[in-house]
Amino acid sequence: MSLILAGFYRSAICDLFDQVGPQAPTLCTGWDAKDLAAHLFLRENDVLSLPGMLIPALEPITVARTHTLLARQNFDQIVSALRRGPFGPTIMRMRAVDRRVNGLEYLVHYEDLFRAQPTGSVERPELLAEERFALSDQVWGAIGGVGRLIGRRSQVGLRLARNDGAAEERVLAKGSPAVLVRGNPTELAMWLYGREADVELIGEAGPLALVNEAVSRGM
Numbered sequence: 343m344s345l346i347l348a349g350f351y352r353s354a355i356c357d358l359f360d361q362v363g364p365q366a367p368t369l370c371t372g373w374d375a376k377d378l379a380a381h382l383f384l385r386e387n388d389v390l391s392l393p394g395m396l397i398p399a400l401e402p403i404t405v406a407r408t409h410t411l412l413a414r415q416n417f418d419q420i421v422s423a424l425r426r427g428p429f430g431p432t433i434m435r436m437r438a439v440d441r442r443v444n445g446l447e448y449l450v451h452y453e454d455l456f457r458a459q460p461t462g463s464v465e466r467p468e469l470l471a472e473e474r475f476a477l478s479d480q481v482w483g484a485i486g487g488v489g490r491l492i493g494r495r496s497q498v499g500l501r502l503a504r505n506d507g508a509a510e511e512r513v514l515a516k517g518s519p520a521v522l523v524r525g526n527p528t529e530l531a532m533w534l535y536g537r538e539a540d541v542e543l544i545g546e547a548g549p550l551a552l553v554n555e556a557v558s559r560g561m
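Just remember that this note's numbering sits 342 ahead of the position in the sequence shown, which is counted from 1.
1) Which word fits D454, buried or exposed, when buried means at least 16 other C-beta atoms lie within 10 angstroms of its C-beta?
2) Among residues of its own chain, excluding the 5 on either side of R537, which ones have a beta-carbon nearer than 8 angstroms to its beta-carbon?
3) Classify S463 as buried or exposed, calling it buried when 16 or more other Cβ atoms lie within 10 Å of its own Cβ.
4) Quick check on the DSSP output: the beta strand (DSSP E) that includes A539 runs from which residue to which?
5) For the region 470-487 against the region 520-530, do three or more pairs of beta-carbon atoms, one drawn from each stretch, fall closer than 8 angstroms, so that the two count as touching?
6) Whole angstroms are fine: how far does the CA of K376 sit from the CA of Q419?
7) Under the three-state reduction of DSSP, which class applies to P467: helix, strand or coil?
8) To the nearest angstrom, how far is it from the Cα of L347 to the Cα of L514?
9) What does the alpha-carbon distance come out to for the pair A547 and A531?
10) Report buried or exposed for S391, applying the criterion of at least 16 other Cβ atoms within 10 angstroms of its Cβ.
11) D540: which of G349, R457, A413 sits nearest, CA to CA?
12) Among residues of its own chain, excluding the 5 on either side of T410, which ones have a beta-carbon nearer than 7 angstroms to its beta-carbon?
13) Taking only the alpha-carbon atoms, compute the straight-line gap between L500 and W533 and give it to the nearest angstrom.
14) Among residues of its own chain, excluding the 5 on either side of R559, which ones have a beta-carbon nearer than 8 angstroms to its beta-carbon?
15) In angstroms with no decimal places, state the Cα-to-Cα distance between M343 and L358.
16) T408 to A399, Cα distance in whole Å?
17) Using C-beta distances below 8 angstroms, list every residue in its chain close to Q361, excluding the 5 sequence neighbours before and after it, in chain order.
18) Evaluate A406 with the Cβ neighbour count: other Cβ atoms within 10 Å of its Cβ, from every protein chain shown; 16 or more gives buried, anything less gives exposed.
19) Starting from W522, follow its DSSP beta bridges and name the residues at the other end.
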């Protein structure tokens, strides 16, 4: 059976939560594993929390509802609920949202948790080569929207190129001068979400600075 990006990384991050426990570090500033699990749960299941994740003026509402969730449920309960997926009427259950948004959300936050752990203390899920490549294809298909946002912000040309065996490029923003960012799809996703990533940036100093500034503003 083919792997679906969002479902695979939902399961993977829940397994990793179980391994590392609630106080494990993450790459998300100020968050431990417990905070990250609460964020993912509320994002999918609490319509009153979601706006504050996108609009800074509403963030206090999200913070308050996070505190309420953590007071009512322990870490294991939150992870168990997260593993089952969203419940009730929510856009997060829509197939298009799952494919274009949830997959990247779970991928990036899985990496936020995995990469913050001591070297050698955790292992990634075992995958066949064709499964790994199929997931990479889905990441490549999903990062276009995020990349176009970065391109519009930076007001320069922006292209992405895969280096994982598939000779593909994607124009995210037309223009000259332009910046080319090369890496495997997971590293490209991490870079677009403002994380440190193993990518190669090619371009002149001015356009590179504009693109990096746009990325640093986050999603």
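Beta carbons are placed, not taken as given, at the ideal position from N, Cα and C, and that holds for glycine.
Walking through what the data contain:
1) buried
2) L369, V450, E453, D454
3) exposed
4) From DSSP, A539 is part of no beta strand (DSSP E); its letter is neither H nor E.
5) yes
6) 11 angstroms
7) coil
8) 22 angstroms
9) 22 angstroms
10) buried
11) R457
12) none
13) 13 angstroms
14) R495, G536
15) The predicted model places M343 with a pLDDT of 47, which falls under 50 and marks its position as unreliable, so this point remains unresolved.
16) 16 angstroms
17) V464
18) exposed
19) Residue identity differs from the one stated: residue 522 is Leu in this sequence, not Trp. Its beta-bridge partners are R501, I544.
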